[in-house]
Amino acid sequence: MISKSSENTVATTHALGFPRIGARRELKRALDAYWRGEIDQDTLRRTGVELRSRHWALQAEAGLDLVPVGDFSYYDHVLDTSALLGVIPERFGREVGEDGIDLDRYFRMARGRAPRGEDVTACEMTKWFDTNYHYIVPELAHDQRFTLHARGLEAQLDEAHAKGLRSKPVLIGPLTYLWLSKVRDEPFDKLTLLERLLPIYAELLHRLAGRGIEWVQMDEPILVCDLDAAWQAAFKAAYQQLAAQHHPRLLLTTYFGGLGANLEWALQLPVGGVHVDLVRAPEQLSEILPRLTEEKVLSAGVIDGRNIWRTDLEAWLEPLGRAQEQLGERLWLAPSCSLLHVPVDLAGETRLDDELKNWLAFGVQKLEEVALLGRALREGRASIAQALEANRAALAARRESSRIHNAAVQQRLRAVSPTMSRRASPYSQRAPLQRARLKLPLLPTTTIGSFPQTQAIRAARRDYRAGRLERAAYEQRMRAEIEHTIKTQEALGLDMLVHGEPERNDMVEYFGELLEGFASTQQGWVQSFGSRCVKPPIIYGDVRRAGPMTVEWIRYAQSLTERPVKGMLTGPVTILQWSFVRDDQPRAATCQQIALALRGEVGDLEAAGIRAIQVDEPALREGLPLRGSERPAYLDWAVRAFRLATAGVRDETQIHSHMCYSEFNDIIQAIAELDADVITIEAARSDMELLAAFAEFEYPNEIGPGVYDIHSPRVPSVAEMAQQLEKAAEVITRQQLWANPDCGLKTRAWEESKPALANMIAAAQELRARIGG
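Here it is in structure tokens:
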């Protein structure tokens, strides 16, 4: 029952964060221009000011009561927190001025290079929980000192105040910050640093109180993870200490799952309120309401911050009405998490057909959904009757659309048998056949797939899409790029080649444009890391391959050389994870549909004479549930999907896969069960630490640990890469070891890629000569 407005039933509406990049990727363009030396710092900072102003205005215009401040970043919010706390690794120079680290040092930490200052090895980067967003991993030392540098945050608060906005600063909480960090020197318990860290948080909160700030959003998403007794005790001690002083009220913010076993004690922490993700874990509401003490606010995350489907507003009115009866003004409404993970505005989509577009909600539309629910709580259901009717009609149209289901796909799913997910012979029998066919040297060299996407390539693609370039002329240009890439690789001396992927805009979007059941957007950009943005396709219906997607490009590349050229495909789990996925059936079912589509492509590549086929799964670890109890079921269907896509080939056809920026220890068994003949992994930024999991497990198949970081523009020396290979050779047998970069070279320039690959090949040849091969 929704009550009419009264003084004690007004629901506060807010967002946890908003996309930083801009509706037209304005931040990306400014960052890239600054790194190229085309604009100065003042111009870059003005872009930041303009974007913050615009995004706050969108939230205020939607009717939200509180705007987040501190969610904007020039690269990454975890790196911002490191700068805020003075956590600067020694190789970047630990001395930090009163204003904090300068922007160029900040960028060197993120990417190893900035317009000013010498190149240096960048900080490690990994996935933000179970998302495709990458954060810069803080590096902690045993003697770590923390110092506060809050002027950047305070400047943003001044900007918001000047616009008359009610601000809510956003901070990563102290426990989550430590959890996300890594230890660089001798192993020690990170929690021992909490005693030094908490006074810095207390000082910051004191300064915010002096500015009249009422609420601070304290993000502690690790509360949806499995926490042992030590971390639970640390939470209780930390927030007791922070509560002992006069500060703004803290909104303890969780997302990406439910509190689970942490619910009882987390609700007892001395904070002003708790935000919970009711999209991922709606059952929490009934568990929390009887346990919430009278002074606490409950922020209900009811709008999906991770996907792009319209919210069923009517479905939330009754549970929110019950919560409102109990809590009154202590009920707040928000998206489930930061809107960082969705595109900015659906209004930019002028090419999506009206039917599909009517099913969707991007960032701006999600703000409107929050505001509509808030209005219903304040003024009653009748106040949003027209919006409810439109919402109801859109949801019904989606359920009843003939575009959703495909009988042929469903029939093919029913015909899947267990034998379809098993190779004919074990790896030990396949490997000699593959070596005889491929004729590769010991320690073979290869790349991950893509080569630089030059301005000429992008211009040709734009012209083709706009109708300014005929299909035949476009294909001729792409074949010329492929020929250049093949000749370059042969000249460098690579052993296994790739075609370079000039025809592909993105490793997932490309396949989304060719598979039935997918739709593509114009401006549906989402930040992956730094200035790197992706445009996830939308899976709205059953997935089917209409015909070959890559075969002619790979066949042409192979015709240019005697050396083996890998067929390049994106795996079913990664296509699933890096798309906006339909929410009307289990994700496992959608993944199996994608796997069946890819199985046909793998078979066609093999029939075309392709001797090695790479099916990339960089998102396998990303999709792992945050709770341990939910992981076996996920890994079971994820592994089966990969094998369904790849297991139909003959023994002599070599299957490769690639994974990057993940911790592999907790999924090493599943990686082995993929049964890929060769797996390549990111290992350079972690200084080969990730290989320990493969060594301890005694991983049986072949492995290529990345020997240099392609996300940094710096070119490592031969000696540096030789050292990396030496480390790998200490834990991986010489029969297993490959040499390759960390990831694809799409984002790099040729003038960086060629010398880096040349150095990598020289390093491999040095080691090959020493070990005899």
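Here the sequence shown stands for residues 1074 to 1846, where the numbers follow this note's numbering.
Backbone N, C-alpha and C fix where the C-beta goes; we use that ideal spot for every residue, glycine too.
The structure displayed is predicted, hence computed values, not measured ones.
If you draw a straight line from the alpha carbon of residue i to that of residue j, how long is it in whole angstroms?
i, j, result
"Asp1426", "Trp1432", "11 Å"
"His1150", "Thr1518", "36 Å"
"Glu1625", "Leu1404", "58 Å"
"Gln1397", "Leu1445", "15 Å"
"Arg1424", "Met1551", "25 Å"
"Gln1318", "Ala1795", "54 Å"
"Ala1293", "Gly1603", "Looking at the sequence provided, one finds Glu at residue 1293 rather than Ala. If I take the Cα positions, the gap works out to 22 Å."
"Arg1660", "Val1654", "8 Å"
"Glu1755", "Ile1783", "10 Å"
"Ala1842", "Arg1807", "12 Å"
"His1234", "Met1569", "58 Å"
"Ser1601", "Tyr1147", "13 Å"
"Met1074", "Gly1817", "Because Met1074 sits at a pLDDT of 40, beneath the cut-off of 50, its placement in the model cannot be relied upon, and the point is left open."
"Glu1556", "Val1804", "37 Å"
"Gly1136", "Cys1733", "41 Å"
"Asn1335", "Asp1350", "14 Å"
From the DSSP output, in three-state form, read off residue i for me.
i, result
"Gly1682", "coil"
"Phe1145", "coil"
"Asp1385", "coil"
"Met1074", "Low per-residue confidence applies at Met1074: pLDDT is 40, beneath 50, and the placement is therefore not dependable, though the value from the model is reported in the following sentence. Of the three classes helix, strand and coil, the one that applies to Met1074 here is coil, per DSSP."
"Arg1261", "The sequence given here places Phe at residue 1261; Arg does not occur at that position. Coil."
"Phe1524", "coil"
"His1319", "coil"
"Phe1308", "helix"
"Ser1079", "Note that Ser1079 scores a pLDDT of 36, beneath 50, so its modelled location is shaky and nothing firm can be said."
"Leu1139", "strand"
"Gly1401", "helix"
"Trp1288", "strand"
"Ile1555", "helix"
"Leu1340", "coil"
"Gln1217", "coil"
"Asp1579", "coil"
"His1784", "coil"
"Thr1647", "helix"
"Val1751", "strand"
"Tyr1179", "helix"
"Tyr1208", "strand"
"Glu1391", "helix"
I'd like the span of the alpha helix (DSSP H) that includes residue i, first residue to last.
i, result
"Val1375", "Looking at the DSSP string, Val1375 is not in any alpha helix (DSSP H); the run it does join, the beta strand (DSSP E), is Val1370 to Ile1376."
"Arg1531", "Gln1528 to Arg1538"
"Trp1811", "No alpha helix (DSSP H) holds Trp1811; DSSP gives it neither H nor E."
"Asp1709", "Arg1704 to Thr1719"
"Pro1505", "Tyr1500 to Leu1511"
"Asp1231", "Arg1224 to Ala1235"
"Ile1094", "First-last for Ile1094: undefined, no H or E at that position."
"Lys1608", "Note, Lys1608: premise wrong, no alpha helix (DSSP H); not H, not E."
"Glu1360", "Gln1357 to Ile1361"
"His1572", "That residue, His1572, is in no alpha helix (DSSP H); it is neither H nor E in DSSP."
Decide if residue i is buried, meaning its Cβ has at least 16 other Cβ atoms within 10 Å, or exposed.
i, result
"Glu1442", "buried"
"Asn1464", "buried"
"Gly1640", "buried"
"Arg1684", "buried"
"Thr1326", "buried"
"Pro1525", "buried"
"Ala1306", "exposed"
"Pro1691", "buried"
"Glu1359", "Going by the sequence as given, residue 1359 is Ser instead of Glu. Flag for Ser1359 reads exposed."
"Glu1356", "exposed"
"Ile1844", "exposed"
"Gln1549", "exposed"
"His1215", "exposed"
Since residue i is in the beta strand (DSSP E), which residue starts that stretch and which ends it?
i, result
"Arg1618", "Ile1611 to Arg1618"
"Lys1819", "Counting along the chain, Lys1819 falls outside any beta strand (DSSP E), and DSSP gives it neither H nor E."
"Leu1588", "Leu1588 to Ala1592"
"Val1349", "Gly1346 to Asp1350"
"Met1732", "Gln1727 to Met1732"
"Thr1199", "Met1198 to Lys1200"
"Val1151", "First-last for Val1151: His1150 to Leu1158, but that is the alpha helix (DSSP H), not the beta strand (DSSP E)."
"Ser1490", "It is not in any beta strand (DSSP E) - Ser1490 carries neither H nor E in the DSSP assignment."
Flag residue i as yes when its Cβ comes closer than 8 Å to any non-hydrogen atom of the ligand NAD, and as no otherwise.
i, result
"Gly1817", "No copy of the ligand NAD appears in this structure; indeed no ligand is present at all."
Ordered list of alpha helix (DSSP H) runs contained in the segment 1416 to 1484, each at least 4 residues | 1427 to 1430, 1436 to 1452 and 1458 to 1473
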